[in-house]
Amino acid sequence: WLHCMDTSTAIEIKRWLNVTLLRSFREGVAAALDISPQHVHINRLNEQKNGIELYVTSERGGASEPVSSEEVIRFLNINILHRHLEPFGITEVSSEKNVLQGQHERDNVWTKEGFYAVVIFLTIFIIVITCLMVLYRLKEKVEFSNQQFKEPPPASRGVHLTPIPVHPAQPPLQLSSSMVQAKASHKTASTSVPPAPTAPEVKPCLSCSPSPFRMKPAAGLQERRGSNVSLVLDMSALGAVEPLSCAVATPRESAAREYLQSASRTLSRQQLRLTVLNTQRLHAEFAEIPMNFVDPKELDIPSHGTKNRYKTILPNSHSRVMLKTKNVYDPLSSYINANFIRGYLGDEKAYIATQGPMINTVNDFWQMAWQENCPVIVMITKLKEKNEKCVLYWPEKRGIYGRVEVLINSVKECEHYTVRNLTLKQGGQSQRVQHYWYTSWPDHKTPDSAQPLLQLMADVEEDRLASGSRGPVIVHCSAGIGRTGCFIATTIGCRQLQMEGCVDVLGIVCQLRADRGGMIQTGEQYEFVHHALSLYESRLSTDVGH
Numbered sequence: 012w013l014h015c016m017d018t019s020t021a022i023e024i025k026r027w028l029n030v031t032l033l034r035s036f037r038e039g040v041a042a043a044l045d046i047s048p049q050h051v052h053i054n055r056l057n058e059q060k061n062g063i064e065l066y067v068t069s070e071r072g073g074a075s076e077p078v079s080s081e082e083v084i085r086f087l088n089i090n091i092l093h094r095h096l097e098p099f100g101i102t103e104v105s106s107e108k109n110v111l112q113g114q115h116e117r118d119n120v121w122t123k124e125g126f127y128a129v130v131i132f133l134t135i136f137i138i139v140i141t142c143l144m145v146l147y148r149l150k151e152k153v154e155f156s157n158q159q160f161k162e163p164p165p166a167s168r169g170v171h172l173t174p175i176p177v178h179p180a181q182p183p184l185q186l187s188s189s190m191v192q193a194k195a196s197h198k199t200a201s202t203s204v205p206p207a208p209t210a211p212e213v214k215p216c217l218s219c220s221p222s223p224f225r226m227k228p229a230a231g232l233q234e235r236r237g238s239n240v241s242l243v244l245d246m247s248a249l250g251a252v253e254p255l256s257c258a259v260a261t262p263r264e265s266a267a268r269e270y271l272q273s274a275s276r277t278l279s280r281q282q283l284r285l286t287v288l289n290t291q292r293l294h295a296e297f298a299e300i301p302m303n304f305v306d307p308k309e310l311d312i313p314s315h316g317t318k319n320r321y322k323t324i325l326p327n328s329h330s331r332v333m334l335k336t337k338n339v340y341d342p343l344s345s346y347i348n349a350n351f352i353r354g355y356l357g358d359e360k361a362y363i364a365t366q367g368p369m370i371n372t373v374n375d376f377w378q379m380a381w382q383e384n385c386p387v388i389v390m391i392t393k394l395k396e397k398n399e400k401c402v403l404y405w406p407e408k409r410g411i412y413g414r415v416e417v418l419i420n421s422v423k424e425c426e427h428y429t430v431r432n433l434t435l436k437q438g439g440q441s442q443r444v445q446h447y448w449y450t451s452w453p454d455h456k457t458p459d460s461a462q463p464l465l466q467l468m469a470d471v472e473e474d475r476l477a478s479g480s481r482g483p484v485i486v487h488c489s490a491g492i493g494r495t496g497c498f499i500a501t502t503i504g505c506r507q508l509q510m511e512g513c514v515d516v517l518g519i520v521c522q523l524r525a526d527r528g529g530m531i532q533t534g535e536q537y538e539f540v541h542h543a544l545s546l547y548e549s550r551l552s553t554d555v556g557h
């Protein structure tokens, strides 16, 4: 190709030109223009492109001047050019301007675009790799934090106070001979705690010991933060080893099991009155009780977390309520965060402690109430306090929840709670249920007076006895362990005071925690139970003329 540019002509040929060929090429072009070869000037354009540049000059006015490309093309004899330049492969002459120059520029442009493409690709690749590494590190942190025990969420928690060491002037805590003694983990800044004098041992009033139960991993047996007296038990190995190793309990696991099964401090009426005055001692006693929370790994139920209000508060396996379902291949359909709780004298399935229903567990809640033939439901929480505690799970008049139809027959407003008379229907059958909604419990505190709780307890017991003890009483707050534990413990303790004239609050709480971990969450709640029992005892004394 021969192509013209302004005053020069660019030629692309098919083979490299040496000096001899260039001379022959120049002579052929000069012959085609009918001028002397000395007026044809040749420069190589690019060794890689096999290109040359021609300058044609003419003498005008005694000086050499370049001839424009248009004139070169016009005076060029194509036939002569083809004949002289046939060895070079010249077949066509074009007057198009800047063809080679444009192609060269396009090559440079494509080179830049390729470079930019490579840079952008590498940048995106580095960003993606960095994001994946960050996500992987976050996942590791989350998995690590899940392995660490966390304090239960403040579902029914009161104001946390650090227990004070037991004063030596007070009677010591009386425990049974098999009870594991806990050692103080800290000392106060002012003085150490001397050994307390020994008081006469009081025999337990409970006529039967708690039934054996399966201990839970250490997720629930943790040292209470801020406590100066604690029982630190590491149960992490239990349930995390092979089945053959599970049969062999470590000393700490055995100690925790023995504590919950046998810890006892029976109080006479007079001792109960004195104990209520010593709050430091009560907090120290409470701090010794293993929490017995469940390790999430122990529940072999896929996606059970979707049905838990709080991820660290789970039902203990041995006493867990199982919903009846036809789908045996879906264990989640039979799962509900609820436990059967033993009552006075260890009566099986006297209560059901459960969490406040969630939007996706309301149907499960009513199915449980129906299948267990529960005569009474006790709700001890508002729907929302600082955050959502429970959803509104009953209708205004009539509602259908799964396979259970719920009818509201009547509503009675009392000073501290509301009573609803319900009828449950399913498959042509019906059940009557009393629903008590206690709303006077302050958020993250304990009530100033135990009187409303005692009145609630009396009304619930009356309805339960009137039903012929049909089934367990359902009790729930938000998490189903704090206020729920206070109500059940108070009910059992009042029954024990009435029947035996003494009470073993420590033994009652240990029995509750054996059935559902974390029952009675704080030392303040433990103290409140003693106050409620003391108030009940004073009424009993008045009734009998003491």
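If you want our numbering, it's the 1-based position in the sequence shown plus 11.
Ideal Cβ placement from N, Cα and C applies to all residues, glycine included.
Alpha carbon of residue i to alpha carbon of residue j, nearest angstrom
i, j, result
"Ala349", "Val389", "14 angstroms"
"Glu535", "Ala461", "13 angstroms"
"Ala543", "Pro463", "10 angstroms"
"His329", "Asp526", "8 angstroms"
"Ile131", "Val145", "21 angstroms"
"Leu65", "Val51", "7 angstroms"
"Arg506", "Glu151", "50 angstroms"
"Val67", "Asn90", "19 angstroms"
"Ile411", "Glu269", "46 angstroms"
"Tyr127", "Leu143", "24 angstroms"
"Glu383", "Leu149", "44 angstroms"
"Lys360", "Arg331", "11 angstroms"
"Ala229", "Tyr362", "Bear in mind that the predicted position of Ala229 carries a pLDDT of just 38, short of 50, making it unreliable; the figure below should be weighed with that in mind. Spanning the two alpha carbons is a distance of roughly 26 angstroms."
"Ile499", "Asn374", "24 angstroms"
"Pro98", "Leu92", "11 angstroms"
"Val559", "Gly125", "One cannot answer for residue 559 here, as it falls past the ends of the chain, which runs 12 to 557."
"Pro307", "Asn319", "11 angstroms"
"Gln378", "Thr336", "10 angstroms"
"Ile84", "Ser69", "15 angstroms"
"Phe36", "Lys123", "36 angstroms"
"Val415", "Arg481", "18 angstroms"
"Pro342", "Phe376", "16 angstroms"
"Ala267", "Ile519", "16 angstroms"
6 angstroms CB neighbourhood of residue i in its chain, flanking five on each side removed
i, result
"Glu538", "Thr290 and Leu293"
"Arg117", "Confidence at Arg117 is low in this model, with a pLDDT of 44, below 50, so the placement of that residue should be treated as unreliable; the coordinate-derived value is given next. Once the five neighbours on either side are set aside, Arg117 has no close Cβ partner at all."
"Met530", "Ile492, Gly496, Leu523 and Arg524"
"His95", "Gly39 and Ala42"
"Asn54", "Glu64"
Residues near residue i by beta carbon distance below 8 angstroms, same chain, minus five either side
i, result
"Arg475", "Pro386, Val387 and Val484"
"Glu296", "Leu184, Arg276, Leu517 and Tyr537"
"Leu288", "none"
"Thr31", "none"
"Trp441", "Note that residue 441 corresponds to Ser in the displayed sequence, not to Trp. Thr434 and Leu435."
"Ile6", "Because the chain here runs from 12 to 557, residue 6 falls outside it and cannot be looked at."
Residues of its chain near residue i, where Cβ-Cβ distance is below 7 angstroms and the 5 sequence neighbours each way are ignored
i, result
"Val565", "Outside the shown range of the chain, which is 12 to 557, sits residue 565, and nothing can be said about it."
"Glu548", "Arg280, Leu283 and Leu508"
"Thr457", "Gly169, Glu535, Gln536 and Phe539"
"Lys393", "Lys400 and Thr450"
"Leu403", "Leu394"
"Glu424", "none"
"Thr501", "Leu464, Met468, Val540, Ala543 and Leu544"
"Gly354", "Ala361, Tyr362 and Ile503"
"Glu76", "Thr68 and Ser69"
Closest by C-alpha distance to residue i, when choosing among the options
i, options, result
"Glu426", "Pro307, Gln466, Gln49 and Leu33", "Gln466"
"Thr381", "Gly438, Asn338, Ser328 and Glu407", "Sequence inspection shows Trp at residue 381; the Thr mentioned does not correspond to that position. Nearest C-alpha to Trp381: Gly438."
"Ile370", "Ile363, Tyr355 and Trp405", "Trp405"
"Glu473", "Ser545, Arg494 and Tyr447", "Tyr447"
"Gln366", "Gly528, Glu154, Glu82 and Asn384", "Gly528"
"Glu396", "Glu76, Ile300, Asn29 and Trp452", "Trp452"
"Leu310", "Thr323, Pro301 and Met302", "Thr323"
"His455", "Ile391, Ala361 and Gly357", "Ile391"
"Glu81", "Pro48, Leu44, Ile53 and Asn303", "Leu44"
"Leu356", "Ser35, Ala477, Gly504 and Ile363", "Gly504"
"Phe304", "Thr286, Ala298 and Asn327", "Asn327"
"Leu325", "Val153, Val139, Trp377 and Met302", "Met302"
"Cys488", "Gln532, Ala477, Asn420 and Ser478", "Gln532"
"Ser344", "Pro368, Arg494, Ile352 and Thr372", "Thr372"
Distance cut-off 8 angstroms: residue i Cβ against heavy atoms of the ligand GDP
i, result
"Gly439", "With respect to small molecules bound, the structure shown includes none, and the ligand GDP cannot be examined in it."
Stretch pair the region 300–317 + the region 331–350: three plus CB contacts closer than 8 angstroms: With a cut-off of 8 angstroms, the region 331–350 and the region 300–317 count as touching, because enough Cβ pairs lie within range.
Inter-stretch contact (C-beta, 8 angstroms, three-pair minimum) for the region 270–279 and the region 506–515: At 8 angstroms Cβ cutoff, the stretches touch.
Contained alpha helix (DSSP H) runs [length at least 4] in the region 287–365, N- to C-terminal order: Taking 4 residues as the shortest admissible run, the region 287–365 contains the following complete alpha helix (DSSP H) segments, listed from N- to C-terminal end: 290–298.
Runs of beta strand (DSSP E) lying entirely within the region 466–551, each at least 3 residues, in chain order: Segments of the beta strand (DSSP E) lying fully in the region 466–551: 484–487.
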